[in-house]
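J.:
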Amino acid sequence: MTFTITRNTTASEKPPTPPINPDTGKAFPMMVQYSGGWLQCWCEDPEEAVSALIGDPAYLDETDQQARLIARVKAAMRLSVVVQAEQIHDAQCDKRWDRLTEPEKAMLFQVRITQPKGLHEDLFGHPCWTADVPLVVVSTGYEPWVEQPLPLGGSNRVWVIDPLTPEDMLGSLADLGVIRLFQRDVDV
């Protein structure tokens, strides 16, 4: 497996022409733009894109699918902290932060080794997040993997990073705007 990473000189610069894969002699069919648009990973498949995003070349050498899943979960947890911090900063800048209760603020700052606990409950007893700042969670911290239901709140309140498969991870990161995903003749 081979992938190539290119870097823009400015964040608004268009990505370069797709480089040629030296293994196939053809242009890479997939490109993932990340780091605020500064970096592009040109690759053949989602596994290569995930390897570039998590910054672990050994990920591709790992043949055990469980070990790859663990690497994706750890990366998703790290990304959730970064994305949550960005949401907190945005809320502080536009004064939404001032409307949060102290328990809501504390939950947004909880260490993400374990998933947030102490959410509000709706009329049916399901945990929900109602604050005006999105709560970023990792799907594998909830049912069916552990006995804790995923918080409700809609896409504008609860942002989910799903590392279950490489395709799920890339799709959820693209949905959150963390990456931009481009692919020719193939669906992710």
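First residue of the sequence shown: 81, per this note's numbering; consecutive thereafter.
Cβ atoms here follow ideal geometry from the backbone N, Cα and C, with glycine treated the same way.
Computed from a predicted structure; not experimentally measured.
Would the beta-carbon of V240 fall within 8 Å of that of V217?
T.: The answer is yes: Cβ separation under 8 Å.
J.: Could you tell me which uninterrupted beta strand (DSSP E) segments, each at least 3 residues in length, are contained entirely in the region 102-142, listed from first to last along the chain?
T.: Runs of the beta strand (DSSP E) inside the region 102-142: 110-114, 119-123.
J.: Give the list of continuous alpha helix (DSSP H) stretches no shorter than 4 residues that lie fully inside the region 177-219.
T.: Within the region 177-219, the complete alpha helix (DSSP H) runs of at least 4 residues are 182-188.
J.: Buried or exposed: which applies to L203, given that a residue is buried once 16 or more other Cβ atoms fall within 10 Å of its Cβ?
T.: L203 should be labelled exposed.
J.: Touch check for the region 249-268 and the region 156-170: three-plus C-beta pairs under 8 Å?
T.: In short, these stretches touch, since the Cβ pair count reaches three.
J.: Which residues bound the alpha helix (DSSP H) around Q263?
T.: No alpha helix (DSSP H) contains Q263, which is instead part of the beta strand (DSSP E) from 260-263.
J.: Any heavy atom of the ligand FMN within a distance shorter than 7 Å of the CB on S219?
T.: Among the components of this structure there are no ligands whatsoever, and the ligand FMN is therefore not found.
J.: Quick one, which of V226, T82, E184 has its alpha-carbon nearest L215's?
T.: When each option's Cα is compared against that of L215, the closest is E184.
J.: Count the other CB atoms within 10 Å of the CB of I168; is the residue buried (16 or more) or exposed (fewer)?
T.: Looking at its Cβ environment, which holds 16 or more other Cβ atoms inside 10 Å, I168 is buried.
J.: Taking the alpha carbon of Q228 as the reference point, which residue from F108, A151, E201 has its own alpha carbon closest?
T.: Looking at the Cα atoms, E201 is the closest of the given residues.
J.: Tell me which residue opens and which closes the beta strand (DSSP E) that R148 is part of.
T.: Where R148 is concerned, there is no enclosing beta strand (DSSP E), although the alpha helix (DSSP H) it sits in stretches over 145-173.
J.: Going by CA-CA distance only, name the one from V226, G257, Y139, P224 that's closest to N236.
T.: Cα-wise, what sits closest to N236 is G257.
J.: Rounded to the nearest angstrom, what separates D267 and F189 at their Cα positions?
T.: Reliability of the predicted coordinates at D267 is poor, the pLDDT of 45 falling under 50, and no value is obtained from them.
J.: Under the assumption that R260 contacts Q145 (Cβ atoms under 8 Å), give the Cβ distance between them as a whole number of angstroms.
T.: Actually they are not in contact, since the Cβ atoms of R260 and Q145 sit about 27 Å apart, beyond 8 Å.
J.: Does DSSP put L256 in a helix, a strand or coil?
T.: Here L256 sits in helix by DSSP.
J.: In this structure, how does DSSP classify V268 when only helix, strand and coil are distinguished?
T.: Annotation note: pLDDT 41 at V268 (below 50); position unreliable, no value reported.
J.: Who are the Cβ neighbours of D141 in its own chain at under 7 Å, not counting the five residues just before and after it?
T.: If we look at D141 and ignore the five residues flanking it on each side, it has no Cβ neighbours.
J.: How would you write the range of the beta strand (DSSP E) that I241 sits in, first residue to last?
T.: Note, I241: beta strand (DSSP E), 238-241.
J.: Which residue marks the beginning of the beta strand (DSSP E) containing I85, and which one marks its end?
T.: From DSSP, the beta strand (DSSP E) with I85 extends over 84-87.
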